[in-house]
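J.: Provided herewith is a single structure, encoded as structure tokens, for subsequent inquiry.
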Amino acid sequence: MTADLFDSIAERPAQEAIADGAVILRGFAHAVGSELIPALREIVAQAPFRRMFTPGGYQMSVAMTNCGPVGWVTDRSGYRYDGIDPESGKPWPAMPPSFLRLAREAAAEGGFDDFAPDACLVNRYEPGTKLSLHQDRDETDFAAPIVSVSLGLPAIFLFGGPKRSDKPARHRLTHGDVVVWGGPSRLFFHGVAPLADGEHAVLGRQRINLTFRKAR
Ligand code: MD3
Ligand code: FE
């Protein structure tokens, strides 16, 4: 009993440092998951998921939407943060207080006090979809971390280094896991492997990832 408990703690600590400035907070969003999902449904009702196009003309397999003062968009003219949803011509839905609270608490837990995100990108992965290795560099202030919240089906997160050619490590992220990326790791290459099929009790056949950013 004691050994089992000890082993489970040893193998799955609540905080896993995976790089300088990057920490996985296992299950950090679990308790508030039930609060996040209804808020997410309201966001998606106002700003539905859509598969955007890269500047190179490829349609992304991951579907996206945003909430908050600005949202990340991509089209043939490039990547940018925009206060207006190009599909509706209206501002993005507001960031729910529960989202903001979670992002700020996680950032503080990861060593970043006073995180003030102005964008929350919402990614939807269905089985077989993926996100190729990339850097997040459309924000103005790289001193601010990015906070990510995983919901629904598990995914294999690919975490490389400062160069595209750095061989990525693989980290399995499950429902309720939160990751804080700051410091040197803020500009590391990363991606998500093709999602394995499955069924999640609350979200069904999908994974939803929230990324909180300070864009401006
Ligand atoms: C590491 N999303 O939206 S979240 C993205 O699971 C993105 O949907 C993935 O990469 C997802 O841009 C990964 C984790 C993440 C987000 C931003 C990072 C890791 C990061 C920025 C720098 C380093
Ligand atoms: Fe990214």
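Counting in numbering that gives the first Met the number 0, the final residue of the sequence shown is number 215, and the numbers go up one at a time with none missing. Even glycine gets a Cβ: it sits at the ideal position worked out from N, Cα and C. Just so we're clear, the structure is a prediction, and the values are computed from it rather than from any experiment.
1) So, is residue 147 buried or exposed, given that buried needs 16 or more other C-beta atoms within 10 angstroms?
2) If we define contact as Cβ-Cβ less than 7 Å, is residue 105 a contact residue for chain C?
3) Rounded to whole angstroms, what is the Cα-Cα separation between residue 194 and residue 136?
4) Beta-carbon separation of residue 179 and residue 22 under 7 Å?
5) Can you give the beta carbon distance from residue 35 to residue 114, rounded, assuming they're within the 8 Å contact cut?
6) What residue from 39, 49 and 117 has the CA that sits closest to residue 149's CA?
7) Could you check whether the stretch 93 to 112 touches the stretch 49 to 59, counting it as contact only if at least three pairs of C-beta atoms, one from each stretch, sit closer than 8 Å?
8) Looking only at its chain, what residues have a beta carbon closer than 6 Å to the beta carbon of residue 203, apart from the 5 residues adjacent to it on each side?
9) Excluding the 5 residues flanking residue 127 on each side, which residues of the same chain have their C-beta closer than 7 Å to its C-beta?
10) Would you list the one or two residues that DSSP bridges to residue 211?
T.: Straight from the coordinates:
1) On the sequence shown, position 148 is the one that residue 147 refers to. So residue 147 ends up on the buried side.
2) No chain C appears in the structure shown, which is made up of a single protein chain.
3) Translated into the one-based positions of the sequence shown, residue 194 becomes position 195. Translated into the one-based positions of the sequence shown, residue 136 becomes position 137. One C-alpha to the other measures close to 24 Å.
4) To locate residue 179, count along the sequence shown from 1; it is residue 180. To locate residue 22, count along the sequence shown from 1; it is residue 23. Yes, the Cβ-Cβ distance between residue 179 and residue 22 is below 7 Å.
5) To locate residue 35, count along the sequence shown from 1; it is residue 36. To locate residue 114, count along the sequence shown from 1; it is residue 115. Not confirmed; about 17 Å, so no contact.
6) On the sequence shown, residue 149 is found 150 positions in, with the first residue counted as 1. Of 39, 49 and 117, the residue nearest in Cα terms is 39.
7) no
8) As a first step, residue 203 must be located in the sequence shown, where it is residue number 204. Cβ neighbours of residue 203 beyond the five flanking positions: none.
9) As a working mapping, residue 127 is identified with position 128 in the sequence shown. Shown here for residue 127: same chain residues with a beta carbon closer than 7 Å to its own, the five before and five after excluded, namely 193 and 194 in chain order.
10) Position 212 of the sequence shown, counted from the first residue, corresponds to residue 211. According to DSSP, residue 211 bridges with 119 and 146.
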